[in-house]
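A short write-up of the structure that comes next.
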Amino acid sequence: MELDSLKIARRAVELAADKQAEDVVLLDTRQAASYTDYIVICSAESDRQLDAIQREILDMLKKESAIPYKSEGSSDSGWMLLDYPGVVVHIFSQELRNYYNLESIYEKATRLLTIQ
Numbered sequence: 057m058e059l060d061s062l063k064i065a066r067r068a069v070e071l072a073a074d075k076q077a078e079d080v081v082l083l084d085t086r087q088a089a090s091y092t093d094y095i096v097i098c099s100a101e102s103d104r105q106l107d108a109i110q111r112e113i114l115d116m117l118k119k120e121s122a123i124p125y126k127s128e129g130s131s132d133s134g135w136m137l138l139d140y141p142g143v144v145v146h147i148f149s150q151e152l153r154n155y156y157n158l159e160s161i162y163e164k165a166t167r168l169l170t171i172q
């Protein structure tokens, strides 16, 4: 069963939350960005948690037939990115999330969900 982009995004949010990600946000960027439909942003408290969140999303979505175009970054860089069809998932350290402040870059996007 192929997942559409909204289902991939919602599933990524659930999986990140399951791994205790902080401040998980789902943005509908269809009116704000030409390269993706949805963006998921979350934070981790440690390198180990960054890895765990990324691995959980990759492994579980693969089991559900959603394969990313690419996976970039490493836990020691503080930023990991998963690029799925229609969805980009950003997993940040809190420091880099504050620095890049993607929520302000996509301020015209519709916030569909926030999990504190």
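The sequence shown begins at 57 in this note's numbering and counts up one residue at a time.
Where a beta carbon is used, it is the ideal one built from N, C-alpha and C, also for glycine.
All of these numbers come straight from a predicted model, not from anything done at the bench.
Assuming residue i and residue j are in contact, meaning their beta carbons sit under 8 Å apart, how far apart are those beta carbons, in whole angstroms?
| i | j | result |
| --- | --- | --- |
| Met193 | Gly129 | Here the chain covers residues 57 to 172 and nothing more, so residue 193 does not appear. |
| Glu101 | Glu78 | 7 Å |
| Ile192 | Val80 | Here the chain covers residues 57 to 172 and nothing more, so residue 192 does not appear. |
| Val96 | Leu82 | 6 Å |
Run the CB neighbour count on residue i, radius 10 Å, all protein chains shown included, and call it buried at 16 or more, exposed below.
| i | result |
| --- | --- |
| Ile123 | exposed |
| Ser131 | buried |
| Tyr94 | buried |
| Glu163 | exposed |
| Arg67 | buried |
| Tyr140 | buried |
| Gln110 | buried |
| Ser149 | buried |
Among the options, which residue has its Cα nearest to the Cα of residue i?
| i | options | result |
| --- | --- | --- |
| Tyr156 | Arg67, Lys118, Asp107 and Ser99 | Ser99 |
| Gln76 | Ala89, Ser121 and Asp107 | Asp107 |
| Thr166 | Leu59, Ala73 and Ala89 | Ala89 |
| Asp233 | Gln105, Tyr91 and Asp60 | Any question about residue 233 goes unanswered here, given that the chain covers just 57 to 172. |
| Met116 | Leu71, Leu62, Leu169 and Val145 | Leu71 |
| Asp84 | Leu152, Val145 and Asn154 | Val145 |
| Asp60 | Leu138, Ser121, Ile97 and Leu114 | Ser121 |
| Glu151 | Lys126, Ser133 and Val96 | Ser133 |
| Asp103 | Leu168, Asn154, Ile147 and Glu159 | Ile147 |
Would you list the residues sitting across from residue i in a DSSP beta bridge?
| i | result |
| --- | --- |
| Val69 | For Val69, which the question treats as bridged, DSSP gives no partner whatsoever. |
| Ser189 | With the chain covering 57 to 172 only, the question about residue 189 has no answer from this structure. |
| Glu78 | Ser99 |
| Ser149 | Ala100 |
| Asp115 | DSSP, once it has assigned bridges, lists no residue as partnering Asp115. |
| Arg167 | Leu83 |
| Lys126 | Asp139 |
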